Structure formats: C-alpha cells, structure tokens
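Colleague: With positions in the sequence shown counted from 1, the corresponding number in our numbering is that position plus 24.
Cβ atoms here follow ideal geometry from the backbone N, Cα and C, with glycine treated the same way.
Since we're looking at a predicted model, the values are computed, not measured.
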Amino acid sequence: MKIAIIGLGYVGLPLAMVFAESGAQVVGIEASAERC
25 MKIAIIGLGY
35 VGLPLAMVFA
45 ESGAQVVGIE
55 ASAERC
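1. Hey, how far is the Cα of Y34 from the Cα of M41?
2. Are V50 and I30 touching if we call contact CB-CB under 8 Å?
3. How far does the beta strand (DSSP E) with V42 in it reach, from first residue to last?
4. Given a cut-off of 8 Å, decide if A48 and M25 are closer than it, judged by their beta-carbon atoms.
5. Going by the DSSP bridge assignment, what does G52 pair with across the sheet?
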C-alpha cells in the first residue's frame with residue numbers, strides 16, 4: 025500500500041509512523057520549513 029501524508033504536525037507524523045510500521049510505503053509532505 026502507498027500512502028501520502030500532507031502535513032507532518034502533531035497528527036500527521038504519528039499517523040505516518042503507524043502506517044510505515046504496518047508495512048505501507050509512506051511519503052510525508054510538509055510545507056513549513058521549520059518542521060523539516
């Protein structure tokens with residue numbers, strides 16, 4: 025499964041980690057340079 029998460033804040037980053045740990049291919053996109 026391939027998943028894209030837009031916004032890696034308080035919800036997006038933990039969500040991306042859970043999907044990645046379950047075996048999914050995850051791409052995270054963050055618009056704010058301070059969070060990268």
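Modeller: For this structure:
1. 12 Å
2. no
3. No beta strand (DSSP E) holds V42; the alpha helix (DSSP H) holding it covers 36 to 45.
4. yes
5. I29
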